[in-house]
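Notes follow once the structure below has been shown.
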Amino acid sequence: MEQKNNTQKTRVRGIPAIAHFLFFTRWLQLPLYLGLVLAQCVYVFHFWVELTDLIGAVMGNKNALEHILDTVTIKGADRPAKLTETAIMLVVLGLIDVVMISNLLIMVIIGGYETFVSRMNLEGHPDQPEWLSHVNASVLKVKLATAIIGISSIHLLKTFINAGAYDEKTLLAQTGIHMAFLFSALAIAYCDRIITQTGQQSDDH
Numbered sequence: 002m003e004q005k006n007n008t009q010k011t012r013v014r015g016i017p018a019i020a021h022f023l024f025f026t027r028w029l030q031l032p033l034y035l036g037l038v039l040a041q042c043v044y045v046f047h048f049w050v051e052l053t054d055l056i057g058a059v060m061g062n063k064n065a066l067e068h069i070l071d072t073v074t075i076k077g078a079d080r081p082a083k084l085t086e087t088a089i090m091l092v093v094l095g096l097i098d099v100v101m102i103s104n105l106l107i108m109v110i111i112g113g114y115e116t117f118v119s120r121m122n123l124e125g126h127p128d129q130p131e132w133l134s135h136v137n138a139s140v141l142k143v144k145l146a147t148a149i150i151g152i153s154s155i156h157l158l159k160t161f162i163n164a165g166a167y168d169e170k171t172l173l174a175q176t177g178i179h180m181a182f183l184f185s186a187l188a189i190a191y192c193d194r195i196i197t198q199t200g201q202q203s204d205d206h
């Protein structure tokens with residue numbers, strides 16, 4: 002055991018200075034993740050503004066009602082005169098969209114930092130995300146693709162609710178884009194599965 006530790010120390014000492022420098026440059030990504038944290042703060046603020054206006058509109062606040070009606074009105078469509086069930090549904094879908102994008106940001110921030118910058122050493126922490134224990138670049142790509150599909154689904158649902166305000170070409174284009182996201186996620190997951198199986202077979206041999 003002592004001989005093994007001495008060998009590891011020798012290898013560490015033998016790392017060239019340029020390798021140390023290149024490895025240290027991973028910290029250049031830290032400002033990027035901090036920037037995404039600021040973007041997360043913007044989404045939190047936006048969420049509460051929209052939620053406050055929705056509650057205000059329900060309670061009879063005219064300014065809040067005007068803002069909500071402007072938000073849900075599609076260009077070229079008739080503006081509703083009052084807060085309808087469809088308008089409320091569209092606002093709620095917008096809030097869900099914000100939450101899903103925020104979840105995507107969290108996965109990128111935490112997963113990216115853990116994978117490409119430094120270990121967080123959260124083993125045993127009661128609030129450690131389940132997926133973080135086995136996160137790597139491949140797992141992160143699959144989870145991000147899945148999150149993007151969820152976000153695309155919300156946008157597509159909002160489009161279908163307002164289907165009368167769009168032409169057929171736009172509806173088909175958005176559906177095609179959503180299907181492209183879906184097939185891309187399936188392809189990424191399939192490639193990840195092949196890579197994982199190949200690695201396991203290599204370890205067995």
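In our numbering, the protein residues as written are 2 to 206. Beta carbons are placed, not taken as given, at the ideal position from N, Cα and C, and that holds for glycine. Computed from a predicted model, the values in this text were never measured in an experiment.
Inset, instruction - Below 6 angstroms CB to CB, which residues in the same chain sit around residue 212 once its five sequence neighbours on both sides are set aside? - result: The structure shown does not extend to residue 212, since the chain spans only 2 to 206, so no value can be given for it.
Legend entry - Whole-number beta carbon distance between residue 105 and residue 158, since they are thought to touch under 8 angstroms: Wrong, their Cβ atoms sit about 17 angstroms apart, outside the cutoff.
Legend entry - Residue span of the alpha helix (DSSP H) that contains residue 95, given as start and end: 86–107
Inset, instruction - Kindly indicate which three-state DSSP category residue 197 falls into: helix, strand or coil? - result: helix
Legend entry - residue 2 burial status per 10 Å Cβ neighbour count (16 or more: buried): A caution first: residue 2 carries a pLDDT of 49, below 50, which makes its placement in the model too unreliable to give a value.
Inset, instruction - Taking only the alpha-carbon atoms, compute the straight-line gap between residue 169 and residue 176 and give it to the nearest angstrom. - result: Each residue's alpha carbon lies about 11 angstroms from the other.
Inset, instruction - Please report the Cβ distance between residue 48 and residue 91, rounded to the nearest whole angstrom; I am assuming they are in contact, meaning their Cβ atoms lie under 8 angstroms. - result: So it is not a contact: roughly 15 angstroms between Cβ atoms.
Legend entry - Endpoints, the alpha helix (DSSP H) within which residue 151 is located: DSSP places residue 151 in the uninterrupted alpha helix (DSSP H) bounded by 138–162.
Inset, instruction - Would you give the residue range spanned by the alpha helix (DSSP H) that residue 64 belongs to? - result: 63–73
Legend entry - Rounded separation between residue 179 and residue 21 - CA only: It is roughly 43 angstroms from the alpha-carbon of residue 179 to the alpha-carbon of residue 21.
Inset, instruction - Can you give me the Cβ contacts of residue 150 inside the same chain, cut-off strictly under 7 angstroms, excluding the 5 residues immediately before and after it? - result: 182, 183 and 186
Inset, instruction - Determine the extent of the alpha helix (DSSP H) in which residue 114 is found, giving its start and end residues. - result: Note, residue 114: premise wrong, no alpha helix (DSSP H); not H, not E.
Inset, instruction - Would you identify the three-state DSSP class for residue 119, choosing helix, strand or coil? - result: coil
Legend entry - Length of the line joining the Cα atoms of residue 74 and residue 124: 48 angstroms
Legend entry - Beta carbon of residue 103 nearer than 8 angstroms to that of residue 191: no
Legend entry - Cβ neighbour criterion (16 or more within 10 Å) applied to residue 108: buried
Legend entry - Per-residue burial, residue 55 [other beta carbons within 10 Å of its own, 16 or more giving buried]: buried
Legend entry - Where residue 165 falls, given that 16 or more other Cβ within 10 Å makes a residue buried: exposed
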